[in-house]
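Residue numbers (our numbering), protein chains in the order written: chain A, 1 to 335; chain B, 1 to 335; chain C, 1 to 327; chain D, 1 to 327. Don't be surprised by glycine CBs; every beta carbon is placed ideally from N, CA and C.
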Amino acid sequence: MLATTNQTNLGSAPDARTERLVAFYRQMLLIRRCEEESARAYAQGKIGGFLHLYIGQEAVAVGACATLEPDDYVVGTYRDHGLAIAKGMAPKTVLAELYGKVTGCSQGLGGSMHLFDAEHHMLGGYGIVGGHIPLAAGVAFASKYRKDGRVTLCFFGEGAVSIGGFHEACSLAALWKLPIVFVCENNEYSMGTPLSRTMAVEDVTLKADGYGMAKDRFFVRDVVEVESRIGEAVARARKDSEPTLIEARTYRFRGHSMSDPGKYRTPAELEERKKSDPLMRARAELESAALGDRLEQLEADVEREIEEAVRFAEESAEPGPELLEASTYAGPFAR
Amino acid sequence: MLATTNQTNLGSAPDARTERLVAFYRQMLLIRRCEEESARAYAQGKIGGFLHLYIGQEAVAVGACATLEPDDYVVGTYRDHGLAIAKGMAPKTVLAELYGKVTGCSQGLGGSMHLFDAEHHMLGGYGIVGGHIPLAAGVAFASKYRKDGRVTLCFFGEGAVSIGGFHEACSLAALWKLPIVFVCENNEYSMGTPLSRTMAVEDVTLKADGYGMAKDRFFVRDVVEVESRIGEAVARARKDSEPTLIEARTYRFRGHSMSDPGKYRTPAELEERKKSDPLMRARAELESAALGDRLEQLEADVEREIEEAVRFAEESAEPGPELLEASTYAGPFAR
Amino acid sequence: MPSVRYREALRQAMIEEMDRDERVFLMGEEVGHYQGAYKVSEGMLDRFGPTRVIDAPIAENGFAGIGVGAAMVGLRPIIEFMTWNFSAVAFDQILSNASKIRQMSGGQFTVPIVFRAPNASAAQVGAQHSHAMEHFYAHIPGLKIIAPAMPADAKGLLKTAIRDDNPVLCFEAETLYSVKGEVPDDPDYTLPLGLANVVRGGKDATIVAWSRIVHVALDAARALEKEGIDAEVIDLRSLRPLDIDTVLASVAKTHRAVVAGEGWPYGGVGAEIADRIQRLAFDELDAPIERVQTMDVPMPYNAKLEQLVIPQAMGIANAVKRSLYRS
Amino acid sequence: MPSVRYREALRQAMIEEMDRDERVFLMGEEVGHYQGAYKVSEGMLDRFGPTRVIDAPIAENGFAGIGVGAAMVGLRPIIEFMTWNFSAVAFDQILSNASKIRQMSGGQFTVPIVFRAPNASAAQVGAQHSHAMEHFYAHIPGLKIIAPAMPADAKGLLKTAIRDDNPVLCFEAETLYSVKGEVPDDPDYTLPLGLANVVRGGKDATIVAWSRIVHVALDAARALEKEGIDAEVIDLRSLRPLDIDTVLASVAKTHRAVVAGEGWPYGGVGAEIADRIQRLAFDELDAPIERVQTMDVPMPYNAKLEQLVIPQAMGIANAVKRSLYRS
Ligand SMILES: Cc1ncc(C[n+]2csc(CCOP(=O)(O)OP(=O)(O)O)c2C)c(N)n1
Ligand SMILES: Cc1ncc(C[n+]2csc(CCOP(=O)(O)OP(=O)(O)O)c2C)c(N)n1
Ligand SMILES: [Mg+2]
Ligand SMILES: [Mg+2]
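Pasting the structure below:
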């Protein structure tokens with residue numbers, strides 16, 4: 001059975017909770033707006049390639065990253081804009097990357113699917129499903145090797161749990177007791193494939209027992225609950241150097257990527273799910289807590305930040321050819 | 001907890017059991033003697049490459065194959081001599097293959113690790129750990145596609161359960177309900193690596209729940225019990241087209257391959273385990289059932305068959321260069 | 001002949017062969033309910049049902065291996081990778097199983113399977129999604145490799161591939177799917193593997209290309225024509241078997257050769273063709289064989305840099321001029 | 001200088017670098033308690049303990065990826081595959097991650113990692129265990145590739161590889177591990193990547209080889225000497241970067257080139273070298289560049305057929321004679 005939201009057992013007093021919710025709401029909104037602007041720019045042909053939006057899932061990255069120390073690591077998929085911002089990266093470096101500009105976090109060489117930021121320990125978005133999960137285990141391996149006390153959060157979709165990379169990473173992380181949390185963002189679809197055609201079981205975390213790994217599973221409705229649930233796993237990783245497999249049941253409101261018409265689900269289903277949008281849910285709670293003016297203030301700030309980010313992306317220069325060889329090899333180029 | 005041998009619940013009257021035991025003992029002995037002769041020939045330099053002996057594990061292949069119809073399929077690893085003989089292949093075609101002769105089951109092109117026999121539906125021994133498990137699932141997929149009612153048995157060691165191929169094959173076989181039985185022969189060592197350094201858990205079948213797959217697990221002491229336990233899974237595959245993950249706890253008495261000094265285990269451990277050799281256990285039971293003369297007769301037959309097989313292998317011709325291109329492509333060669 | 005798109009030509013090939021032979025099935029990610037990630041298999045689920053058009057989870061190693069096993073016992077799978085990039089996680093199934101089983105079994109088992117997918121650069125899909133994977137696979141004996149550039153060839157070669165008893169890998173391109181051309185609708189139309197096609201006759205220099213770059217080479221030839229250079233363009237169509245005779249005949253006429261294709265410069269199909277020409281037509285060559293390939297760097301996301309990195313008509317034209325000592 | 005085996009030379013390199021830099025660790029199957037499947041890491045577990053000499057389960061994709069991730073955050077992993085054949089299941093980690101991360105991250109992250117293993121044919125290990133995998137990897141920008149033939153080179157190049165900030169793949173050979181040679185014991189001894197070595201001077205023809213085949217080429221040269229043919233033998237040592245200048249200088253002298261190496265004929269390192277020679281030394285060549293490779297078939301188990309399929313001294317000698325029009 002899935003645990004449902006229960007604010008009383010969050011161990012934080014209401015007003016403390018409200019304060020957190022304000023901060024989380026701001027981050028979620030920043031991500032939502034950034035994604036909306038990306039979609040617009042994509043439609044205008046200012047962004048190319050694949051564009052996978054995080055709209056609807058913001059509470060996962062925001063709640064998860066809230067449990068981390070600045071030095072902790074995150075590793076994600078191609079659906080990485082929200083994670084990047086939640087880990088502290090500025091929307092302008094994200095948007096500039098999507099625009100393919102040299103001011104982007106990856107100098108315009110990586111693009112939407114490959115956001116990296118050494119300063120914020122964002123170790124990248126990756127495009128091969130499952131390919132980044134062993135890599136994330138390696139980052140956690142390094143923390144254990146160096147005893148630096150850091151934790152690694154690795155994000156992936158439910159479509160990734162059937163692939164070998166997931167299995168090998170979980171097997172090794174459990175065997176070697178690595179300080180990592182595997183966060184499966186189960187948004188019920190892998191491109192056009194519903195859960196029922198991805199797995200014979202609905203519960204992803206049943207696999208944890210086979211690895212001898214701790215597990216947790218919950219519906220994502222309340223961002224503060226996400227923080228507390230993932231916080232337990234992060235603490236387990238940091239204190240006991242034990243990995244955890246987490247399944248966060250969520251939902252994406254846009255297509256798999258901009259090129260996906262999304263015919264595999266009904267408009268009715270989509271509308272129904274939008275009603276429990278964690279972002280709107282947070283906003284409603286803050287309004288009912290009579291924080292209307294603070295909300296207005298905050299939303300105006302976010303608008304300004306996004307406007308500036310878009311302008312920054314639009315006005316930045318493109319990377320030059322001199323970057324090609326220099327970014328391929330460290331040191332002299334090899335042929 | 002592992003179920004232990006219990007002859008009373010085998011559902012076969014003692015004499016019926018004895019009859020089966022005679023037949024199984026003969027096959028196990030045939031395999032044992034064939035392996036011993038291979039080891040001798042290897043020491044004499046008559047067999048090259050890798051040689052992985054099945055000595056100690058005979059009861060698994062013999063008990064498992066006894067549950068199959070002639071048209072059912074088996075797929076195995078590089079440790080495949082016992083499986084080949086248990087599936088009905090003549091020791092002489094196996095030995096000739098090990099000798100690299102054209103009369104071998106794979107015309108001397110495959111060698112010890114790659115025994116194939118279309119007639120007996122032995123779909124091969126494979127050298128890449130885990131690589132043959134999806135392939136075996138594909139054979140089962142074909143049976144379901146054609147509704148031919150056949151079952152596929154896939155064998156692999158416990159060292160294979162951490163690799164992606166195992167995971168993907170199990171995931172797909174469970175999702176698509178394929179008529180296959182995955183038999184993990186857990187002989188406690190993966191080359192020099194004991195169980196404890198291979199997995200964080202001791203029970204391989206814990207993974208089955210994560211795939212939504214049926215499972216069974218037992219110690220291999222009595223070959224007749226192996227037949228009945230695997231028989232249940234084969235029936236499940238044939239009747240309900242449901243896969244099963246089986247863990248058969250066994251032990252190998254020789255090194256991983258001929259080049260393995262086996263320093264990772266003590267002579268004492270080895271001697272102790274040899275005491276519960278299923279082959280000797282069967283022989284003892286037959287002796288106490290006062291079948292002494294039948295045993296002598298049977299053992300003499302086996303000796304004769306092995307002697308002839310060795311002579312056949314020694315005297316056979318080697319494959320010629322004309323086989324190289326013809327075996328690479330069906331039809332005209334492509335460059 | 002009806003004019004159809006490359007995408008439909010492939011679909012016609014699959015539908016005709018599935019109508020003709022019930023052992024043939026299509027398996028891959030999103031090939032069914034989603035109608036194909038690039039709509040190649042559009043409508044096929046409705047036509048053949050879920051037992052013959054199978055949506056697979058993301059487990060390339062798993063379903064590639066399932067295809068190999070099914071082929072061993074007599075089915076004729078068509079395995080679609082969403083793109084060839086993703087075959088990297090199934091590399092072992094193709095290298096160690098598909099291409100080896102006939103030989104390892106002493107000829108007892110064959111693997112009549114087709115692996116197909118779009119290949120090489122698309123538009124700004126970045127470093128992990130732009131690999132020209134044919135260079136890895138063409139190296140492997142036991143496999144056959146086709147890389148059609150034209151709709152009619154795509155249909156004829158894919159039909160032959162499905163009927164072939166060996167593993168055949170078909171390299172398509174997202175940027176080719178909407179290319180139109182005349183395509184025979186005769187269900188008996190097939191095209192033998194290993195025959196190159198001279199898509200443009202010329203006397204001054206030979207341009208050897210395959211897949212999307214054939215079209216780029218034709219652009220280059222048109223540009224050269226304006227400068228009075230008459231280039232012959234050869235579309236290899238199939239990379240293994242490789243029709244070197246057609247290439248040599250052309251070089252014997254032009255005495256100059258340029259090999260152009262997507263993929264990094266080191267080794268691969270381009271180097272093989274250059275090596276065969278110098279070995280087999282040494283005395284015919286009046287200039288070094290030129291090569292035009294993707295630059296030796298991972299594919300950048302930025303649009304301008306991406307175009308700089310992949311082969312362009314201008315680059316091919318310049319290579320032809322170098323071979324004519326006209327630059 | 002002390003005379004040591006190739007196997008010990010590799011071990012010295014790893015031990016010296018691990019003594020010098022605690023960020024360096026060794027991970028792989030059976031590298032610890034078992035003392036190495038081929039005894040390369042013998043004694044290292046005792047010396048460095050289980051945190052730095054790590055026995056891995058059979059999960060190449062997993063521990064190759066773990067190496068890449070650990071390298072991104074500053075460790076310097078040495079990942080040993082039991083043989084290069086098994087890297088096929090980790091191919092994606094090397095192609096899509098190790099070689100791409102520096103570029104995808106806009107230069108923010110580097111991947112200082114070494115992958116090493118024995119490569120190519122051993123003795124009768126069959127079709128799945130005899131792959132010459134360098135031909136797949138040398139194609140990939142972002143990687144460096146070394147393939148030493150001599151103990152001293154093995155040590156010097158591996159030490160440099162461990163200190164390199166890029167992914168370096170080291171191709172060894174089971175059949176080379178017991179080859180003896182003089183090896184410097186100075187812990188500061190290193191050898192730069194990308195320098196070929198003329199292991200035998202000669203004026204009549206140039207033989208270009210790497211790894212085990214260098215020794216076969218030297219046998220061929222000795223045989224040719226008896227026939228009055230003076231062949232120069234170049235040991236490439238490193239395949240990417242590739243020291244083409246040394247090759248060209250030799251060809252400028254001999255005007256004849258034979259490229260010899262294990263691995264199938266189609267594409268790969270051999271085709272690349274032939275292509276570069278014809279492009280960069282076209283006017284120097286008095287004969288076509290010859291190639292001697294493994295036959296274009298999977299490796300057979302039978303001992304005689306295996307020897308027929310892999311390059312032999314006789315085959316190399318005959319190729320040299322062909323290039324001299326002496327046959
Ligand atoms: C190995 C591999 N196979 C296929 C793809 C193509 N692909 C990209 S995303 C995707 C769906 C992934 O779904 P899921 O894991 O649930 O993540 P989500 O997109 O829902 O966040 C697929 C099939 C890929 N990138 N890598
Ligand atoms: C992918 C891959 N990695 C490594 C190897 C080398 N190898 C061959 S057998 C083996 C041990 C396998 O142990 P297990 O699965 O328990 O089977 P057993 O030998 O005990 O029957 C290893 C590591 C291989 N063949 N394939
Ligand atoms: Mg999903
Ligand atoms: Mg074992």
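Under 9 Å, Cβ to Cβ, is there at least one residue of chain B near A/R197? In the first sequence, counting from the first residue as 1, residue 197 of chain A sits at position 197. Closer than 9 Å to some Cβ of chain B, the Cβ of A/R197 qualifies, so yes.
Please confirm if the region 178-185 of chain A is in contact with the region 134-154 of chain A, defined as three or more CB-CB distances below 8 Å between the two stretches. yes
So if DSSP puts D/L26 in a beta bridge, which residue, or which two residues, is it bridged to? Here residue 26 of chain D is taken as the residue at index 26 of the fourth sequence, counted from 1. Looking at the DSSP assignment, D/L26 forms a beta bridge with D/V53, D/I78.
So D/G142 and D/Q103 are in contact, right, with Cβ under 8 Å, and what is the actual spacing, rounded? Start at 1 with the first residue of the fourth sequence, and residue 142 of chain D comes out as number 142. Start at 1 with the first residue of the fourth sequence, and residue 103 of chain D comes out as number 103. Confirmed, about 7 Å.
D/I66, enclosing alpha helix (DSSP H) - first and last residue: Looking up residue 66 of chain D in the fourth sequence gives position 66. Residues 60-72.
For a contact meaning CB atoms closer than 7 Å, what does D/I66 contact in chain A? Sequence index remark: in the fourth sequence, residue 66 of chain D carries index 66 (1-based). The answer, in chain order, is P134, A137, G138, F141, L172.
Rounded to whole angstroms, what is the Cα-Cα separation between B/L2 and B/A43? Along the second sequence, one-based indexing puts residue 2 of chain B at 2. Along the second sequence, one-based indexing puts residue 43 of chain B at 43. No answer about B/L2 holds up, because its pLDDT of 45 lies below 50 and its placement is not dependable.
Apart from the five residues just before and just after B/E325, which ones in its own chain have a Cβ nearer than 8 Å to its Cβ? Your numbering for residue 325 of chain B matches position 325 in the second sequence. Result list for B/E325: F333, in chain order.
Roughly how many angstroms lie between the CA atoms of A/Y126 and B/L21, to the nearest whole one? Residue numbering aside, residue 126 of chain A sits at position 126 when the first sequence is read from its first letter. Residue numbering aside, residue 21 of chain B sits at position 21 when the second sequence is read from its first letter. Their backbone Cα atoms lie some 56 Å apart in a straight line.
Could you compute how far the alpha carbon of A/V161 sits from the alpha carbon of A/E247? Along the first sequence, read from residue 1 onward, the residue named residue 161 of chain A stands at position 161. Along the first sequence, read from residue 1 onward, the residue named residue 247 of chain A stands at position 247. A/V161 and A/E247: Cα-Cα distance of roughly 11 Å.
Output yes or no for whether 9 Å exceeds the beta carbon distance between C/V40 and C/R76. Numbered from its first residue, the third sequence carries residue 40 of chain C at position 40. Numbered from its first residue, the third sequence carries residue 76 of chain C at position 76. No, the Cβ-Cβ distance between C/V40 and C/R76 is not below 9 Å.
Below-9 Å beta-carbon distance, A/S316 vs any chain D residue: In the first sequence, counting from the first residue as 1, residue 316 of chain A sits at position 316. Taking Cβ atoms only, chain D never reaches closer than 9 Å to A/S316, which makes this a no.
Examine ligand 4 and report whether any of its heavy atoms sits within less than 8 Å of the Cβ of B/Y189. Residue numbering aside, residue 189 of chain B sits at position 189 when the second sequence is read from its first letter. Indeed, a heavy atom of ligand 4 lies less than 8 Å from the Cβ.
When DSSP labels each residue in this structure, what does A/S12 get in the three-state scheme? In the first sequence, the residue the question calls residue 12 of chain A occupies position 12. Bear in mind that a pLDDT of 44 at A/S12, under 50, signals an unreliable position, so the number given afterwards is only what the model happens to contain. DSSP places A/S12 in coil when its eight states are reduced to three.
Quick check on DSSP: helix, strand or coil for B/L2? For the purposes of this step, residue 2 of chain B is identified with residue 2 of the second sequence, where counting begins at 1. Only weak support is given to the placement of B/L2: the predicted model assigns it a pLDDT of 45, under 50, and the value that follows is read from those uncertain coordinates. Note: B/L2 maps to coil in three-state DSSP.
Heavy atom of ligand 4 within 8 Å of B/E185 beta-carbon: Start at 1 with the first residue of the second sequence, and residue 185 of chain B comes out as number 185. Result yes, Cβ under 8 Å from ligand 4.
Heavy atom of ligand 3 within 8 Å of A/E58 beta-carbon: In the first sequence, the residue the question calls residue 58 of chain A occupies position 58. Not under cutoff, so the answer is no.
Contact with chain B by C/N97, beta-carbon distance below 9 Å: Within the third sequence, numbered from 1, the residue matching residue 97 of chain C stands at position 97. Closer than 9 Å: yes.
For A/E307, count the other beta carbons within 10 Å of its own beta carbon; 16 or more makes it buried, fewer makes it exposed. Which is it? Locating residue 307 of chain A in the first sequence gives position 307, where the first residue counts as 1. That one is exposed.
B/G159: CB within 8 Å of a non-hydrogen atom of ligand 4: In the second sequence, counting from the first residue as 1, residue 159 of chain B sits at position 159. The answer is yes for B/G159.
Whole-number beta carbon distance between B/E232 and B/D216, since they are thought to touch under 8 Å: Within the second sequence, numbered from 1, the residue matching residue 216 of chain B stands at position 216. Within the second sequence, numbered from 1, the residue matching residue 232 of chain B stands at position 232. Indeed they touch by this definition, with Cβ atoms about 7 Å apart.
Is A/R79 near ligand 1 - that is, is its Cβ less than 8 Å away from at least one heavy atom of it? Counted from its first residue, the first sequence places residue 79 of chain A at position 79. Yes, Cβ of A/R79 sits closer than 8 Å to a heavy atom of ligand 1.
What does the Cβ neighbour count give for B/P70, buried or exposed, with the cut at 16 atoms within 10 Å? Residue numbering aside, residue 70 of chain B sits at position 70 when the second sequence is read from its first letter. Answer is exposed; the Cβ neighbour count stays below 16.
Can you check DSSP and say which residues form a bridge with B/G125? In the second sequence, the residue the question calls residue 125 of chain B occupies position 125. B/G76, per the DSSP bridge assignment.
Contact criterion: CB-CB distance below 9 Å. Does B/C105 meet it with respect to chain C? Counted from its first residue, the second sequence places residue 105 of chain B at position 105. Judged by the 9 Å Cβ criterion, B/C105 is in contact with chain C.
Should A/G104 be labelled buried (16 or more other beta-carbon atoms within 10 Å of its own) or exposed? Position 104 of the first sequence, counting from 1, holds the residue named residue 104 of chain A. Label assigned to A/G104: buried.
Got a sec: which bits of the region 260-275 of chain C sit with their beta carbon under 7 Å from any beta carbon on chain A, in order along the chain? none
Using a Cβ-Cβ cut-off of less than 9 Å, give me the residues of the region 221-246 of chain B that come near chain A, in sequence order. none
Buried or exposed: where does A/R40 fall if 16 or more other Cβ atoms within 10 Å of its Cβ makes it buried? Sequence index remark: in the first sequence, residue 40 of chain A carries index 40 (1-based). Exposed, since its Cβ has fewer than 16 Cβ neighbours within 10 Å.
How many angstroms separate the CA atom of B/R281 from the CA atom of B/L172? Position 281 of the second sequence holds residue 281 of chain B. Position 172 of the second sequence holds residue 172 of chain B. Each residue's alpha carbon lies about 38 Å from the other.
Taking C-beta pairs closer than 8 Å, name the residues in chain A that D/N61 reaches, listed in chain order. One-based indexing of the fourth sequence puts residue 61 of chain D at position 61. By Cβ distance, chain A contributes P134, G164, G165, E168.
Expected contact under 8 Å - CB spacing of C/F48 and C/I79 to nearest Å: Residue mapping note: residue 48 of chain C aligns to position 48 of the third sequence, counting from 1. Residue mapping note: residue 79 of chain C aligns to position 79 of the third sequence, counting from 1. Not a contact, Cβ separation roughly 16 Å.
Closest by C-alpha distance to D/I348, when choosing among D/A220, D/L280, D/D165: Because chain D in this structure spans residues 1 to 327, residue 348 of chain D falls outside the shown range and cannot be described.
Chain-ordered residues of the region 323-334 of chain B with a beta carbon less than 7 Å from chain C: A326, S327, T328, Y329, A330, G331, A334
Taking the beta carbon of A/N6 as the centre, do at least 16 other beta carbons fall within 10 Å, making it buried, or is it exposed? To locate residue 6 of chain A, count along the first sequence from 1; it is residue 6. Any answer about A/N6 is weak, because its pLDDT of 42 lies below 50 and its placement is not dependable; what the coordinates show is given next. Exposed.
Using a Cβ-Cβ cut-off of 7 Å (strictly less than) and excluding sequence neighbours within five positions of B/V129, which residues of its own chain qualify? Here the question's residue 129 of chain B lines up with position 129 in the second sequence. So the list reads G159, A160, I163, once near-sequence residues are dropped.
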